[in-house]
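Just so we're aligned, residue 2 is where the sequence shown starts under my numbering, counting upward by one.
Following: one structure in structure tokens, then a few remarks.
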Amino acid sequence: MKTSLTNYISPFFFGLCFLFFLFSCSSPQDEAAKHYENAKNYFAAQEYEKAKIEFQNVIQLEPENDKAQCDLGETYVHLQDPVKAAAAFHQAVLLNPDNLQAKLRLGQILLLAKETKEARKTAGEILEKHPENIEAMHLLATIQIQERNMDLALKTLEKAIDIDGSNPKTHLFLAHLLFVSNRLEEAEPHYLKAIELDETQRKPYMELAALYRKKGEIEKIEPLISRWVKVPGDQMQKSADLARYLESEGKIEEAKKKLMEATLNNSENPVALSNLGNFYARQKENTKALEIFNRALALDPENLDIMSQTALLSFLEKDYEKAESIVDGILAKNKDHVQANFIKGRLYFNRKEFSEAFKCFEAVIKNSPRHAMARYFRARCLLDKGKSDLPGQDLFRVAAGHKTSESWERKLATDELNEVLEIDPNHTAARLVLIDILLENKETLEAKRHIIYILKREPKNIQALVFAGKLKILEQDLAGAEKIYQFVLELQPDFAAGYVSLGLALNEMKKTEQALKTFDRALEINPDQMDALYYKVSVHMQKKEEDKAIAACDNHRKNLPQDSPSLAIIDLIQGRIYMTTGKIDMAEDRFQQAVKRKPDLSAPWEQLAVIRELKKDTDGAIQYYEKLLELNKEYLPTYLNLSRIYKALGDLKKAKAYLEQALAIKDDYAPAANNLAFILAETNSSMYEALRLAKIARDKEPNNPDFLDTLGWIYYLQGSYDLALPLLEESVKINPQSPIANYHLGWAYYDKHQFEKARAHMKKALELNPDFKGAEKARDVLGE
2 MKTSLTNYIS
12 PFFFGLCFLF
22 FLFSCSSPQD
32 EAAKHYENAK
42 NYFAAQEYEK
52 AKIEFQNVIQ
62 LEPENDKAQC
72 DLGETYVHLQ
82 DPVKAAAAFH
92 QAVLLNPDNL
102 QAKLRLGQIL
112 LLAKETKEAR
122 KTAGEILEKH
132 PENIEAMHLL
142 ATIQIQERNM
152 DLALKTLEKA
162 IDIDGSNPKT
172 HLFLAHLLFV
182 SNRLEEAEPH
192 YLKAIELDET
202 QRKPYMELAA
212 LYRKKGEIEK
222 IEPLISRWVK
232 VPGDQMQKSA
242 DLARYLESEG
252 KIEEAKKKLM
262 EATLNNSENP
272 VALSNLGNFY
282 ARQKENTKAL
292 EIFNRALALD
302 PENLDIMSQT
312 ALLSFLEKDY
322 EKAESIVDGI
332 LAKNKDHVQA
342 NFIKGRLYFN
352 RKEFSEAFKC
362 FEAVIKNSPR
372 HAMARYFRAR
382 CLLDKGKSDL
392 PGQDLFRVAA
402 GHKTSESWER
412 KLATDELNEV
422 LEIDPNHTAA
432 RLVLIDILLE
442 NKETLEAKRH
452 IIYILKREPK
462 NIQALVFAGK
472 LKILEQDLAG
482 AEKIYQFVLE
492 LQPDFAAGYV
502 SLGLALNEMK
512 KTEQALKTFD
522 RALEINPDQM
532 DALYYKVSVH
542 MQKKEEDKAI
552 AACDNHRKNL
562 PQDSPSLAII
572 DLIQGRIYMT
582 TGKIDMAEDR
592 FQQAVKRKPD
602 LSAPWEQLAV
612 IRELKKDTDG
622 AIQYYEKLLE
632 LNKEYLPTYL
642 NLSRIYKALG
652 DLKKAKAYLE
662 QALAIKDDYA
672 PAANNLAFIL
682 AETNSSMYEA
692 LRLAKIARDK
702 EPNNPDFLDT
712 LGWIYYLQGS
722 YDLALPLLEE
732 SVKINPQSPI
742 ANYHLGWAYY
752 DKHQFEKARA
762 HMKKALELNP
772 DFKGAEKARD
782 VLGE
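The following block contains the structure:
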């Protein structure tokens, strides 16, 4: 039989294919190893996006690979995604509870996220199994610092050195803590030991140089820097460090020479040019600096950091359009770029677009939590968007001895400013803003501590001296205040605000005529010093001299050009004079003039809304309050007013909606939480949510009688009379003139079978307001 070629080829072909398949198909383990190798190479080359994909491929093939999860976490750290990094480290720990590296990194991320308790738990778990693990002890010390327990952190690091005295990081960490604790003599040997153990690390040299400068041992700095420069390594960085030292010694030409040499020796290196550019920027030679940075950018056109330097210099030169164009280009490529976001925030801040600026500074802090300047400007955004249109109102009330109420913006700003000072204790601008807030809140002891801190370092700091005078007023040392303000004016004779402050002190001393002359002098120096006019008017109003108050406004109008924004402030002041004296129509006319001149001035819109309410024009009031929200969506009192109006109209749905909007902006805003809790309780919508909100309000302001009443009433409606009664009693004790609180307390006594007390409070409620909601039920109890 004839055999075809096909009969021979087919088995051979299929056998060959089988062998090819057998030898070409690698196992999943081999595939995973290949991806792992690629990932490590990408990671080493700093190509973190590619590394991430390769590590994910490894995990897809080997879901139980805890080391790959840990390495993926490290990659997310470099990609500045702490949430995903934490998730990866957490998964690594779940897969292998003994993965020390993953546990340590998880603890560090938890600490950065201010999850102090969880970080402490993680550190404790490591140290329980490995009590001599130095990295875990470093983590624990950092946790103790966050817990503001510096002494314990120092002991932890000392213990770490006892365990292993050869770890340079421990010596550096301990030296740093001793330095910031001003224990300079103890810090120095640990810096020297850190350098002895690892001479290649830059940080101990730089911090030790700062320590010598603080101790006044300037002669020790040059040998230290010279020693650092001789260490093998990045010579451009060392040239930059040497130049910075020479610069600090006033040897500007020598510093420039060093940087120029580095640039000539590395003419194609953008880093050398950047160092030189930074030098010129520090010398305020911005044009020259910009030219150098543009040369650096030509060498490295995609370098976003160099681009951001050109943006910063453009900003400093007030070329805001160019600065914005550059940062927009940077942010299009990297929306998280720290300096670009910071400059963008500054640009918004300059335009008074505080909400947008706030978002930019938030982005900076998200990626750089210890960025002191971003935190400072975030605080300024909170204060500037929440501040009154009329400068100095709170200052006058404080000086007059009246209590001011702290707005929620000030509370948030205070927290932020304290963070700034924790990061940088010598941030004078932040400390000054904080002092201002503290004085407004009459927290004199804390304010005094900050004032002393500044004046010890800068005895002629004008703003700190002004605050020192204000402190004297609050302490009723008026002669002391006058003396300080006279000293301020000796230092700066044309300082208009100094005359305003002196005028306040003189007015408090009953030297009224001198005070008025001082306010006039402030207005002479600066016609836009509107707080001086405000205080002058206030002095006349205190003396019931309405005509003179109006005349002061009319006379000052003549000193201002027709297009001056300050004319709107004068309208506002006059409107308030007329409101005080009951001349509502004339007040309304002034407020209308104010908004015509300056439509973005919020205070007159609010006053117009109040007038519409007084005239029973509810629709008009709503329109004005809505206009106020257009101007400032985050001004919370407007939501309360709109909610109150709609509640009175019986539209509880809208009343609730405005309160919910306020709470969406600030979830612990006590007045909104209280009012919404009351509505929910009265309508029996959600007693659980009502109770939660009422507790928030009470916890924020424990002595507020309305908040105590609301919480007590909710407990009453739930049948918890023993919890309700003490709260309602405390509310009436603080404010016995509230008909609603007396009525609620009456019912609580009634259900506790204390009928005499119940009738007494029902009767009191009716005496205070015969028509309050619930009056009929009260009469029924009284048998009327």
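Positions of the beta carbon are idealized from the N, C-alpha and C atoms, including for glycine.
Small disclaimer: the values here were computed from a predicted structure and weren't measured.
Requested in this report: Out of E116, N66, L113, K118, state which residue places its alpha-carbon closest to the alpha-carbon of L95.
Outcome: The shortest Cα separation from L95 among E116, N66, L113, K118 belongs to N66.
Query raised in the report: By a C-beta neighbour count over all protein chains shown, 10 Å radius and 16 as the cutoff for buried, is R450 buried or exposed?
Result: exposed
**Report entry** Sufficient close CB pairs (3 or more, under 8 angstroms) joining the region 766-773 to the region 728-744
**Finding:** yes
Query raised in the report: Would you say the region 195-206 touches the region 216-224, given that touching needs at least three Cβ pairs under 8 angstroms?
Result: no
Query raised in the report: Given E75, which residues of its chain have a CB within under 8 angstroms of its CB, disregarding the five upstream and five downstream residues?
Result: F44, A86, R106
**Report entry** Inter-residue CB distance, F756 and T711 (contact presumed, cutoff 8 angstroms)
**Finding:** Not quite, the Cβ-Cβ distance comes to about 25 angstroms (not below 8 angstroms), so this is no contact.
Report task. Tell me whether Y670 sits in a helix, a strand or coil according to DSSP, three-state version. Result -> coil
Requested in this report: Measuring alpha carbon to alpha carbon, tell me which of R371, S315, L439, R245 ends up nearest E420.
Outcome: Comparing alpha carbon positions, the residue from R371, S315, L439, R245 closest to E420 is R371.
Query raised in the report: Nearest to S309 by alpha carbon, out of N276, F343, L300?
Result: F343
Query raised in the report: Going by beta carbon distance, what residues of the same chain come within less than 7 angstroms of Q575, once the five residues before and after it are set aside?
Result: Correct list, in chain order: I551, C554, R591.
Query raised in the report: Smallest Cα separation from Q477: which of D495, I453, T445, P494?
Result: If you compare the alpha carbons of D495, I453, T445, P494 with that of Q477, the shortest gap goes to T445.
**Report entry** Test item: CB-CB of C361 and Y349 under 9 angstroms
**Finding:** yes
Requested in this report: Counting only runs of 4+ residues fully inside the region 569-616, write out the alpha helix (DSSP H) ranges in chain order.
Outcome: 585-598, 603-615
Query raised in the report: Roughly how far, in whole angstroms, is the beta-carbon of N100 from the beta-carbon of A89, given that I think they are within contact range, below 8 angstroms?
Result: Between A89 and N100 the Cβ distance is about 11 angstroms, and since that is not below 8 angstroms, they are no contact.
Requested in this report: State buried or exposed for D564, treating a residue as buried only when at least 16 other CB atoms are found within 10 Å of its CB.
Outcome: exposed
Query raised in the report: Anyone know if the C-beta pair for G278 and L291 falls short of 9 angstroms?
Result: Yes, Cβ-Cβ distance for G278 and L291 is below 9 angstroms.
Query - CA-to-CA distance, S732 to K336, given in whole angstroms - result: Cα to Cα, K336 sits roughly 51 angstroms from S732.
**Report entry** heavy atom of the ligand GTP below 8 angstroms from A742 C-beta
**Finding:** Summarising the ligand content, the structure contains no ligands, and the ligand GTP is consequently not present.
Query - Segment limits, alpha helix (DSSP H) that includes K353 - result: Neither: K353 is in no alpha helix (DSSP H) and is coded neither H nor E.
Requested in this report: Look up K719 in the DSSP assignment and say whether it is helix, strand or coil.
Outcome: Note that residue 719 corresponds to Gln in the displayed sequence, not to Lys. Coil, per DSSP.
Query raised in the report: Over what stretch of residues does the alpha helix (DSSP H) that includes I293 continue unbroken?
Result: 287-300
Report task. Enumerate in chain order the residues of its own chain whose CB-to-CB distance from K648 is below 6 angstroms, with the five nearest sequence positions on each side excluded. Result -> So the list reads A656, once near-sequence residues are dropped.
Query raised in the report: In its own chain, which residues sit with a C-beta less than 7 angstroms from the C-beta of I485, not counting the 5 before and 5 after it?
Result: Closer than 7 angstroms at the Cβ level, and outside the excluded window around I485, lie L466, A469, G470, K473.
Requested in this report: Label I612 either buried or exposed according to how many other C-beta atoms from any shown protein chain fall within 10 Å of its C-beta, with 16 as the threshold for buried.
Outcome: buried
Query raised in the report: Where does E777 sit, in a helix, a strand or coil, going by DSSP?
Result: helix
Query raised in the report: Taking C-alpha atoms, which residue in D495, A210, D532, H541 lies nearest to L185?
Result: A210
Query raised in the report: Among K753, W748, H754, which has the Cα closest to the Cα of D781?
Result: W748
Report task. Go to S240, then tell me how far its alpha helix (DSSP H) extends in each direction, as first and last residue. Result -> In the DSSP assignment, S240 falls within the unbroken alpha helix (DSSP H) covering 236-249.
**Report entry** Spatial distance of L718 from S687 (CA atoms)
**Finding:** 12 angstroms
**Report entry** C-alpha distance - N556 paired with A341, whole-angstrom precision
**Finding:** 47 angstroms
Query raised in the report: Contact check, V501 vs A523 under 8 angstroms by CB: the rounded distance?
Result: 5 angstroms
Query - Secondary structure of P233, DSSP reduced to three states - result: The answer is coil: DSSP assigns P233 none of H, G, I, E or B.
Query - Same chain, Cβ closer than 6 angstroms to F280, neighbours up to 5 away in sequence not counted - result: If we look at F280 and ignore the five residues flanking it on each side, its Cβ neighbours are L260.
**Report entry** Three-state secondary structure (DSSP) of H91
**Finding:** helix
Query raised in the report: So what's Q477 in DSSP terms, helix, strand or just coil?
Result: coil
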